[in-house]
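J.:
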Amino acid sequence: MKTLTKAIYLAVGLLFGTVPALYSQDMLAAQSPLDKQMEMIDSIALRDMLLNETAIFPAGELYDTWTNDRIRFNAELPDSFRVDLRGFTMPTTNTKITDIFGYRPRRRRVHNGLDIKVQKGDTIYAAFDGKVRITSFQRRGYGHYVVIRHNNGIETVYAHLSKKLVTEDEIVKSGQPIGLGGNTGRSTGSHLHFETLLMGKNINPALMFDFERQDVTNDFYTYRKGVHQEIDKKSGKIVESAEKLYHKVRQGESLSTIARKCGVSVNTLYRLNKMNSKTVIRPGQRIRYR
Ligand SMILES: [Zn+2]
228 MKTLTKAIYL AVGLLFGTVP ALYSQDMLAA QSPLDKQMEM IDSIALRDML LNETAIFPAG
288 ELYDTWTNDR IRFNAELPDS FRVDLRGFTM PTTNTKITDI FGYRPRRRRV HNGLDIKVQK
348 GDTIYAAFDG KVRITSFQRR GYGHYVVIRH NNGIETVYAH LSKKLVTEDE IVKSGQPIGL
408 GGNTGRSTGS HLHFETLLMG KNINPALMFD FERQDVTNDF YTYRKGVHQE IDKKSGKIVE
468 SAEKLYHKVR QGESLSTIAR KCGVSVNTLY RLNKMNSKTV IRPGQRIRYR
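Take the sequence shown: its letters are residues 228 to 517, numbered as in the numbering used here.
See the structure below:
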């Protein structure tokens, strides 16, 4: 798939002139009118093929496979990747955030998305152009949910829907209704659980979507490997710092053995986790060490 995709990208470059102009001009100059005509026909056929290809394999430059299972998967992410956010649609017109992205120390679990208050039956829209990868139901989890892979490389998840309006492998346009808001699965009160992923890795949707302002944060979002990104509330700009790293506590471990394993001091663990010498840790708990 990848080789084919690369060949197609090169072809796109030739078609739309991103391959050096001199080269393509020389090619044209050396052609007879008939050849030119033939090339036009070929171009149209090729363009149709390319449009089809983008539709069949959205973001084919990033993804090797297309499956209708597993939201998350392990893939080697590029060091950085720029996501084009232009052409977005807000998934809901509702603006109230009821839960943010990130680790919940109290519940000892990670919240992979953003929760937005919606009423049952509210229309949920596709965030960008793309293709529906998963439509499924998880009684104890996401309830009715939809996963879309977008042409810009991002995947989005829409969960706890009362109804799904699309089917797997369906091509969708930005702003197309894909479901209705609801309270299915593990959910208390109707809301939209919204996730954004890049190559199987969850990214904080707030870095791209500002539901309160009903706008994207910028025309482009740049993912950087190993970098923690946060939105500065005052400026609205993305602030970058070293990525936070966690250690999952195993049976028999103490803060001092964890500190040694992670190559940091016990005091660092105290500080990062708001702990002290009296804190009791339990297996399965996540301890931040960077
Ligand atoms: Zn949620």
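Where a beta carbon is used, it is the ideal one built from N, C-alpha and C, also for glycine.
(1) Does the region 463-477 come into contact with the region 500-514, if we say contact requires no fewer than three beta-carbon pairs (one atom in each stretch) closer than 8 angstroms?
(2) Under 7 angstroms: does the beta carbon of residue 342 sit that close to some heavy atom of ligand 1?
(3) If you draw a straight line from the C-alpha of residue 251 to the C-alpha of residue 269, how long is it?
(4) Where do the N-terminal and C-terminal ends of the beta strand (DSSP E) with residue 517 fall, by residue?
(5) Compute the minimum distance between the beta carbon of residue 326 and the heavy atoms of ligand 1, and state whether it is under 7 angstroms.
(6) Just confirm the distance between the C-beta atoms of residue 516 and residue 489, as a whole number of angstroms; I'd bet it's less than 8 angstroms.
(7) Could you give the DSSP three-state label for residue 404: helix, strand or coil?
(8) Can you say whether residue 332 is buried or exposed, counting buried as having 16 or more other CB atoms within 10 angstroms of its CB?
(9) Leaving out five residues before and five after residue 427 in sequence, what residues of the same chain have Cβ atoms less than 7 angstroms from its Cβ?
(10) Would you please state the rounded distance, in angstroms, between the beta carbons of residue 377 and residue 357? I believe it to be under 8 angstroms.
(11) Please determine if the region 419-433 and the region 333-353 are in contact, where contact requires at least 3 C-beta pairs separated by less than 8 angstroms.
(12) If we ignore side chains and look at the alpha-carbon of each, how far apart do residue 346 and residue 390 end up?
(13) Assuming residue 388 contacts residue 373 (C-beta within less than 8 angstroms), just tell me the rounded distance between them.
(14) In this structure, how does DSSP classify residue 449 when only helix, strand and coil are distinguished?
(15) So, for residue 496: in the same chain, excluding its five sequence neighbours on each side, which residues have a beta-carbon less than 7 angstroms away from its beta-carbon?
(16) With 16 other CB atoms within 10 Å as the buried threshold, where does residue 267 fall?
(17) Let's test the definition: count the other Cβ atoms within 10 Å of the Cβ of residue 506 and tell me whether it reaches 16, buried, or not, exposed.
(18) Quick check for students: name the residue ranges of the beta strand (DSSP E) that lie wholly in the region 288-345, counting only runs of 3 or more.
(19) Where DSSP assigns a beta bridge to residue 501, which residues make up the other side?
(20) Do residue 377 and ligand 1 come close, with the Cβ less than 7 angstroms from some heavy atom?
T.: Result, derived from the coordinates:
(1) Short answer: they touch.
(2) The sequence position of residue 342 within the sequence shown is 115, counting from 1. Yes, the beta carbon of residue 342 sits closer than 7 angstroms to at least one heavy atom of ligand 1.
(3) As a working note, residue 251 is residue 24 in the sequence shown. As a working note, residue 269 is residue 42 in the sequence shown. Summary for residue 251: the model assigns pLDDT 43, below 50, so the residue's position carries little reliability; its value from the coordinates is reported in the next sentence. C-alpha separation (whole angstroms): 15 angstroms.
(4) To locate residue 517, count along the sequence shown from 1; it is residue 290. Premise fails: residue 517 is in no beta strand (DSSP E) and is neither H nor E.
(5) As a working mapping, residue 326 is identified with position 99 in the sequence shown. Residue 326 has its Cβ nearer than 7 angstroms to a heavy atom of ligand 1.
(6) Locating residue 516 in the sequence shown gives position 289, counting from the first residue. Locating residue 489 in the sequence shown gives position 262, counting from the first residue. Approximately 4 angstroms separates the beta-carbon atoms of residue 516 and residue 489; this is inside 8 angstroms, confirming the contact.
(7) Position 177 of the sequence shown, counted from the start, is the residue given in the question as residue 404. Correct three-state label for residue 404: strand.
(8) Locating residue 332 in the sequence shown gives position 105, counting from the first residue. So residue 332 ends up on the exposed side.
(9) Position 200 of the sequence shown, counted from the first residue, corresponds to residue 427. Hits under 7 angstroms: 299, 300, 301, 302.
(10) As a first step, residue 377 must be located in the sequence shown, where it is residue number 150. As a first step, residue 357 must be located in the sequence shown, where it is residue number 130. Contact holds; Cβ gap of about 4 angstroms.
(11) They touch, by the three-pair rule.
(12) Here the question's residue 346 lines up with position 119 in the sequence shown. Here the question's residue 390 lines up with position 163 in the sequence shown. C-alpha separation (whole angstroms): 13 angstroms.
(13) Counting from one through the sequence shown, the residue named residue 388 turns up at place 161. Counting from one through the sequence shown, the residue named residue 373 turns up at place 146. Right, the Cβ-Cβ distance comes to about 7 angstroms (below 8 angstroms), so this counts as a contact.
(14) Within the sequence shown, numbered from 1, the residue matching residue 449 stands at position 222. Here DSSP, grouped into helix, strand and coil, assigns residue 449 to strand.
(15) What you label residue 496 is simply residue 269 of the sequence shown in a count that begins at 1. Closer than 7 angstroms at the Cβ level, and outside the excluded window around residue 496, lie 482, 485, 486, 502, 514, 516.
(16) As a working note, residue 267 is residue 40 in the sequence shown. Counting C-beta atoms within 10 angstroms of its own C-beta, residue 267 has fewer than 16 neighbours from the protein chains shown and is therefore classed as exposed.
(17) The sequence position of residue 506 within the sequence shown is 279, counting from 1. The residue in question, residue 506, is exposed, as its Cβ has fewer than 16 Cβ neighbours within 10 Å.
(18) Counting whole runs of 3 or more residues, the region 288-345 contains the beta strand (DSSP E) stretches 307-311, 324-326, 329-331, 336-338, 341-344.
(19) Taking the first residue of the sequence shown as position 1, residue 501 is located at position 274. Beta-bridge pairing links residue 501 to no other residue.
(20) What you label residue 377 is simply residue 150 of the sequence shown in a count that begins at 1. Because no heavy atom of ligand 1 lies under 7 angstroms away, the Cβ of residue 377 does not count as near it: no.
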